[in-house]
Amino acid sequence: MDFEAVLFYVFALLAVAGALGMVGFVRNVVAGALCLVLTMISLAGIYLLLGAYLVAVVQILVYAGAILVLFLFVIMLLNLRHDDFGARRAGRSVLGAIGASVAVALAVLLAIWSPERLAAPAPLSEGFGGYRDVGLQLFRDYVVPVEVAGLLLLAAIVGAVMLAKKEVD
Amino acid sequence: MILAVVLKTLFVVVLVVGVFAPLMTWTERKQSALMQDRIGANRADIAGITLIGLLHPLADVIKLLTKEDVVPAGANRVLHTLAPVVAAVPAIAAFAVIPYGGVYTIGASTLSLVAADIDWGLLYVFAIGSLATYGAVIAGWSSNNNWSLLGSVRNTAQMISYEVTMGLSVVGVFMVFGTLKLTDMAVAQDQTLRLFGFVESLGWAQLPAWADHWLRLPAWGIFLQPLAFVMFLTCMLAENKRPPFDLPEAESELVAGYFTEYSGMRFGLFYMAEFIEVVVIAGLITAIFLGGWAVPYLSQDVILHGDLPLIGRSLSGLFGAGAATLLCIGLHVGTFIAKMIAMIWLQMLIRWSLPRFRYDQVMDLCWKVLLPLSLANIFVTAAVMIALGEVA
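Protein chains in written order, with our numbering: chain A, 1 to 169; chain B, 1001 to 1392.
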């Protein structure tokens, strides 16, 4: 097994462990959020192994470095403690477990039924996943969708500010 | 391949933890003493030899390691233990992409003086830097102390705010150099710039030959993007949480902020992370704005093959190609470290000169001053580049 494969399994195990931890630490929200951070960083590692450098960096920069920090910020500001949560609902856990099992089973079935889909991927083109390649695609080939998405996010921000202002006033 | 990776990693970690961090504690003490008209650390000695206080870092480490490691009652033991490590690791990891020198050919083999020479070097630094927030966040929350919690809440808001402007402030530099690779940036800065070259690009007049020869600047980022330099330095200082941006640990308000409940070496690790970050900032600014390892007015090509000033012969001609390359490496690494020391000194100077900002001032500076300025910088840079015909 080569070095990259070893790295893949390490990152994959960490990602799954983090995800399980996040679900498991229902009573300790901060620990749950930190587990999610672990998953995000491991996923970034897997993106790196796939050659998608920019996506990996954005994954860490945006998800692990900003969004989850904000999650923690909110948790700390609200000072959520153990007894802020009601009794654990067994029904939801069971539903979640069934959903996860179905997803895993489908993935395994896919691997058994059509292994050719999981065959070696096509070789990467020169500069694949780099900032230059992605940047050209985003700001030249798909510039209109990007701008529209930006407008949508701007509307969301303005809306959030308006709602927050109402509280303050 | 794996061996090389392990060796490079070990080298970086040993260099950072074993050399930079202890030296920084000494520098900080001496600099503060100098600025406050004191003598400074000079008491620790071995058999009467004090080495101008250089033994103090050793004494510090012994003291910190032998102190009791207290975990407060009601603290989350696992996270409390983990936090200092989470704070220190990103600071050390950022060293992987700092280029101490360029790429050299010795015989048939090439030698690169950077641990990880990746295309997205600067992005890597930003990504790793964004993880540095967690050390303080976890520390503050897990300590079960209101001062700590307030400290880490302040830290979170400050770090997130300044990360945005930090990234935007250097976009102009990316545009000018056309790369994110730190070694390529240094190569691009290893040249000179025609000071009045824009006159010709605008097609108004022809420069006389003497002006073209003498009126030149090193093509450093600080000359091409002066505003970006000031903004980037400010953001980095704010990210490092040292005075005047030390709101998360403001001792007059929050005892010691997020690391109030730490003792012994765990406390020391937070300090070490800050000191290491000072060196990282110095290295980054050197690489992006101060020409990296480039000797001003003497490009690598000139050092190796061109006729040197005063001597009139080339190094290769004097000593042979191999020795000349080694000399060039020494010169480049020396230049890089000299520039880095100057930047460390600048940070120390700022740290011991300015009083702490108020929290609203810190936030106003980020969102109302630096953010619009950095956006304006991007637009102006783009406009100038188009006017000079550098963009197709």
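All residues carry an ideal CB built from backbone N, CA and C; glycine is no exception.
Quick check on this structure: which residue in the options has the alpha carbon closest to the alpha carbon of residue i?
i       : options                               : result
L124/A  : I157/A, L110/A and L49/A              : L49/A
V16/A   : I41/A, V30/A, E4/A and G159/A         : I41/A
M1035/B : G1317/B, L1373/B, K1241/B and I1350/B : I1350/B
L7/A    : L43/A, L70/A and L20/A                : L43/A
A1041/B : G1048/B, I1049/B and R1029/B          : R1029/B
L1058/B : T1179/B, H1080/B and G1268/B          : G1268/B
V1380/B : G1264/B, K1339/B and V1171/B          : V1171/B
A1186/B : G1167/B, Q1300/B, D1045/B and L1051/B : Q1300/B
V1153/B : L1023/B, N1377/B, V1013/B and G1257/B : G1257/B
G1127/B : A1094/B, L1284/B and W1026/B          : In the sequence as displayed, the identity of residue 1127/B is Ala instead of Gly. Cα-wise, what sits closest to A1127/B is A1094/B.
V1013/B : T1081/B, V1061/B, V1097/B and C1235/B : V1097/B
N1146/B : I60/A, V29/A and M76/A                : M76/A
L1007/B : G1221/B, V1230/B and V1114/B          : V1114/B
V23/A   : A12/A, S93/A and Y63/A                : S93/A
W1293/B : H1332/B, G1317/B, L1327/B and I1378/B : H1332/B
G1129/B : S1148/B, I1138/B and V1086/B          : V1086/B
A1033/B : V1017/B, V1019/B, G1053/B and P1022/B : G1053/B
L1290/B : R1266/B, W1367/B and L1217/B          : L1217/B
V74/A   : V30/A, A52/A, I98/A and I157/A        : V30/A
Can you tell me whether residue i is buried or exposed? The criterion is at least 16 other CB atoms within 10 Å of its CB, across all chains shown.
i       : result
P145/A  : exposed
D1037/B : exposed
K1063/B : exposed
S1374/B : buried
F1319/B : exposed
A1376/B : exposed
K1241/B : buried
A1238/B : buried
D1119/B : buried
E1163/B : buried
Provide the residue span of the alpha helix (DSSP H) that contains residue i, from first to last.
i       : result
P1248/B : Premise fails: P1248/B is in no alpha helix (DSSP H) and is neither H nor E.
R132/A  : Y131 to L136
P1084/B : R1077 to A1093
T1025/B : A1021 to M1035
K1339/B : A1321 to S1353
Y1134/B : T1133 to S1142
Q1300/B : Q1300 to L1304
P1226/B : P1226 to E1239
F1267/B : G1264 to F1289
CA-CA distance, residue i and residue j?
i       : j       : result
F3/A    : V10/A   : 11 Å
V1125/B : N1076/B : 30 Å
G1135/B : Y1297/B : 42 Å
F1336/B : L1079/B : 38 Å
M1343/B : S101/A  : 55 Å
Y142/A  : D1246/B : 43 Å
L54/A   : D1117/B : 16 Å
T1260/B : E1249/B : 8 Å
H1305/B : G1048/B : 50 Å
A1044/B : L1233/B : 34 Å
I1046/B : Y1271/B : 25 Å
S1112/B : I1303/B : 17 Å
Q137/A  : L106/A  : 33 Å
R140/A  : M1159/B : 32 Å
L1010/B : A1338/B : 24 Å
T1286/B : A1073/B : 45 Å
G91/A   : E1274/B : 48 Å
G32/A   : D1069/B : 26 Å
L61/A   : L1131/B : 8 Å
L1284/B : Y1100/B : 11 Å
T1325/B : A1157/B : 48 Å
M956/B  : P1243/B : Residue 956/B falls outside the range modelled here, since chain B spans only 1001 to 1392, and no answer is possible.
D1190/B : M1175/B : 17 Å
T1025/B : L1346/B : 15 Å
L1051/B : G1322/B : 37 Å
What are the boundary residues of the beta strand (DSSP E) that residue i is part of?
i       : result
T1192/B : T1192 to R1194
Y1104/B : V1103 to I1106
R1154/B : Note, R1154/B: premise wrong, no beta strand (DSSP E); alpha helix (DSSP H) at N1146 to S1169.
T1110/B : S1109 to S1112
R27/A   : Counting along the chain, R27/A falls outside any beta strand (DSSP E), and DSSP gives it neither H nor E.
R1216/B : R1216 to P1218
Would you say the beta carbon of residue i comes nearer than 7 Å to a heavy atom of the ligand ADP?
i      : result
V104/A : By its list of ligands, the structure shown contains no ligand whatsoever, and the ligand ADP lies outside what it can speak to.
**Report entry** Cβ-based contacts, 9 Å cut-off: residues of the segment 129-152 of chain A near chain B
**Finding:** G130, Y131 and R132
Query - chain B contacts made by the segment 4-31 of chain A, where a contact means CB separation under 9 Å - result: N28, V30 and A31
Query - Residues from the segment 40-62 of chain A in contact with chain B, defined by Cβ distance under 9 Å - result: I41, A44, Y53, L54, A56, V57, V58, Q59, I60, L61 and V62
Query raised in the report: Just by C-beta distance, which residues in the segment 1112-1130 of chain B are closer than 9 Å to chain A?
Result: I1118, D1119, W1120, L1123, Y1124, F1126, A1127, I1128, G1129 and S1130
**Report entry** Short-range partners of chain A found in the segment 1136-1165 of chain B, where Cβ spacing is below 9 Å
**Finding:** V1137, I1138, G1140, W1141, S1142, L1149, S1152, V1153, T1156, A1157, M1159, I1160, E1163 and V1164
Requested in this report: For the segment 97-115 of chain A, enumerate the residues whose C-beta is nearer than 8 Å to any C-beta of chain B, in chain order.
Outcome: none
Requested in this report: Could you list the residues in the segment 1168-1183 of chain B with a C-beta less than 7 Å from some C-beta on chain A, going in chain order?
Outcome: L1180
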